[in-house]
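**Q** In the order they appear, the protein sequences are chains B and Y. So in numbering that gives the first Met the number 0, spot 172 of the first sequence is number 171, and the numbers just go up one at a time. So in numbering that gives the first Met the number 0, spot 124 of the second sequence is number 123, and the numbers just go up one at a time.
2 protein chains.
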Amino acid sequence: MVIQRPKTIVEQVTEVLRLRIHERTYPPGGRLPSEKELAQELGVSRTTVRTVLAKFATEGLIFRKQGDGTYVNEYVDEVETHYGGIWDFSRLIEANGYRPSIKTVSLTSRAATPEEERKLRISAESPVIAMVRVFYANQRPVIYASNVFPDTLIKVNVAQLVGNLPLHQFMQTYCHEQITYVVSDIEAIIVQETQLQTLNAPVGTPLLKLRDMFYNKENIPLILGMSHYDFTVLRLRRVQTWGQ
Amino acid sequence: MVIQRPKTIVEQVTEVLRLRIHERTYPPGGRLPSEKELAQELGVSRTTVRTVLAKFATEGLIFRKQGDGTYVNEYVDEVETHYGGIWDFSRLIEANGYRPSIKTVSLTSRAATPEEERKLRISAESPVIAMVRVFYANQRPVIYASNVFPDTLIKVNVAQLVGNLPLHQFMQTYCHEQITYVVSDIEAIIVQETQLQTLNAPVGTPLLKLRDMFYNKENIPLILGMSHYDFTVLRLRRVQTWGQ
DNA sequence: TAGTGGTCTAGACCACCCT
DNA sequence: GGGTGGTCTAGACCACTAC
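1) For residue 240 of chain B, decide whether its Cβ has a neighbour in chain Y, counting only Cβ atoms nearer than 7 Å.
2) Quick one, are the C-beta atoms of residue 183 of chain B and residue 209 of chain B less than 7 Å apart?
3) Considering only the beta carbon of each residue, do residue 119 of chain Y and residue 220 of chain Y sit closer than 7 Å?
4) For residue 139 of chain Y and residue 45 of chain Y, what's the separation of their Cα atoms in angstroms?
5) Which residues of the segment 159-193 of chain B have a Cβ closer than 9 Å to any Cβ of chain Y? Give them in chain order.
6) If you drop the 5 nearest sequence neighbours on each side, which residues of the same chain put their C-beta closer than 7 Å to that of residue 233 of chain Y?
7) When you compare the CB positions of residue 101 of chain Y and residue 132 of chain Y, do they come within less than 7 Å of one another, or not?
8) Looking only at its own chain, which residues have a Cβ that is under 6 Å from the Cβ of residue 147 of chain Y, when we skip the five neighbours before and after it?
9) List, in order along the chain, the chain Y residues whose C-beta lies closer than 9 Å to that of residue 29 of chain B?
10) Could you work out which residues of chain B lie near residue 224 of chain Y, taking near to mean beta carbons separated by less than 8 Å?
11) Please decide whether residue 205 of chain B counts as near chain Y, where near means a Cβ-Cβ distance under 7 Å.
12) Leaving out five residues on either side along the sequence, give the residues of the same chain with a beta carbon under 6 Å from the beta carbon of residue 178 of chain B.
13) If residue 198 of chain Y and residue 176 of chain Y are in contact, beta carbons under 8 Å, what's the gap, nearest whole angstrom?
14) Any Cβ of chain Y within less than 7 Å of the Cβ of residue 91 of chain B?
15) Does the beta-carbon of residue 71 of chain B have 16 or more other beta-carbons within 10 angstroms, so that it is buried, or is it exposed?
16) Check for me: the beta strand (DSSP E) holding residue 26 of chain B runs from which residue to which?
17) Cβ of residue 6 of chain B less than 7 Å from any chain Y Cβ?
18) Short of 7 Å in beta carbon distance, which residues of its chain neighbour residue 28 of chain B, apart from the five on each side in sequence? Order them along the chain.
19) I'd like to check one pair, residue 16 of chain B with residue 51 of chain B: are the Cβ atoms closer than 7 Å?
20) With 7 Å as the threshold, decide whether the Cβ of residue 82 of chain B is near any Cβ in chain Y.
21) How about residue 152 of chain B: is its C-beta nearer than 7 Å to some C-beta of chain Y?
22) Using only CA atoms, which one of Y/204, Y/144, Y/240 lies nearest to residue 165 of chain Y?
23) Measuring only between beta-carbons, confirm whether residue 218 of chain B sits less than 7 Å from chain Y.
24) Can you tell me which of the three DSSP states residue 227 of chain B falls into?
25) Closest Cβ-Cβ distance between residue 68 of chain Y and chain B: below 7 Å?
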């Protein structure tokens, strides 16, 4: 049971304009109609239009020139790779131009390790659900992902759990929890013999390693995540804007 | 000659509130005054206050609960590590709790390589300035950074260039250019013998590698960057918020 | 029910770019 | 001078939470 909210005006405008940019109605390097025109055409206030455009600007999707106009980034395709964030792996794989698929390696209940107890702020030896999955890009394994979360969050029968959902959807469906923010530490590792199987990468290959903490709106730690990431196939890209 | 603009109201409110959070006037986990109260106290509109709070919320600095209030993130210290972004290395080192220093290894003019020509969109064999620097955290080398940019950008005598400025300040001072966004690809490498000296890391150690493209407001590529990053000392952390 | 944050509007004024 | 984006305001109405 996923809660449905009616879409806000800002969300609707976001969708419309993102589509127009994506489908070249406003071509790369081209100019958008003025904020005033967009507001009139869509029947919303200029402020609402500006909210959406500001978001696009921080994504690097558009450029705004005072006294001139708003332009689509010439290199939209480059920038769009960044969509969905690095923790929604399916969307990331899609954004890189591949067809994503997920294989659930294991999904079991076990006692928490001391580190897990501390980071998830749960009591000693509480049961946790441990989920290990491998993400494929066009059949090729590219991400190994391990996620651990407190058993108490689960609102359904454990046997019903299926690992082929994106994490935020997984949490919504089975735990009625909404992931609102994620803190990720990025590291590098070298493939050891013991990990040989996971990504079909030869021993000695460097991989990216992400350590994630997922929180809900109340700042409660939901999930502890760890993943290995083959950057030779997927780009781990970060777009940052300066000033505002 | 750095252009000075008067600070906007939003910028001033941002400074005031960030300071109050940082200095525990509003303690971690504590509640901020309501938006209305803040607006009245600071003599600005509620909209302005909301602009600032929205920015803090995306940084994970605060939490906003509808019908309840706005709370400082209990783990502010964790989140503040993220400040300044991964491309302002001095600020990053500071945010990790170390004293930053910079050593300029070389700063020379030379012909561009084919890759540099393509990425910087300059004509064949145009001269470029190549700057190699090492960043230290409390005397310990932690980042090796190489930056290349077209010779034509430089507005001063090349002999005057000094490499101990943060990149955006460097570009402002010597090129009168403003970096507005950066696209970084994150990869992993293994220290080879030829790189042995740079970060005092033994051969075989995994390091993070960042490939950056810096752009100005007009979407002109300014700088091509490449850096090696010792994540055992500095955390490369990413905070991401979902929805809005 | 009172107070909070969430959404949206209409409009003022400014800085800037173009011609 | 006319049009564009940048900044800021005052206020309406809604959704939600705590009491």
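Glycine included, every Cβ here is placed at the ideal spot set by N, Cα and C.
**A** This is what the structure holds:
1) yes
2) yes
3) Yes; because the gap between Cβ atoms is below 7 Å, this pair is in contact.
4) 46 Å
5) 167, 177, 178, 179, 180, 181, 182, 183, 184, 185, 186, 187, 188, 189
6) 91, 92, 95, 136, 141
7) yes
8) 115, 127, 129, 223
9) Proximity of chain Y to residue 29 of chain B at the Cβ level (cut-off 9 Å) is not reached, the minimal Cβ distance being about 13 Å.
10) Simply none; closest approach about 12 Å.
11) yes
12) 167, 170, 213
13) At roughly 29 Å, the Cβ-Cβ gap does not stay under 8 Å, so residue 198 of chain Y and residue 176 of chain Y are not in contact.
14) no
15) buried
16) From DSSP, residue 26 of chain B is part of no beta strand (DSSP E); its letter is neither H nor E.
17) At a cut-off of 7 Å, the C-beta of residue 6 of chain B has no neighbouring C-beta in chain Y.
18) 70, 71, 73
19) Going by beta carbons, residue 51 of chain B and residue 16 of chain B fall inside the 7 Å limit.
20) Only weak support is given to the placement of residue 82 of chain B: the predicted model assigns it a pLDDT of 49, under 50, and the question is left unresolved by the model.
21) no
22) Y/144
23) Yes, because at least one Cβ of chain Y sits closer than 7 Å to the Cβ of residue 218 of chain B.
24) strand
25) no
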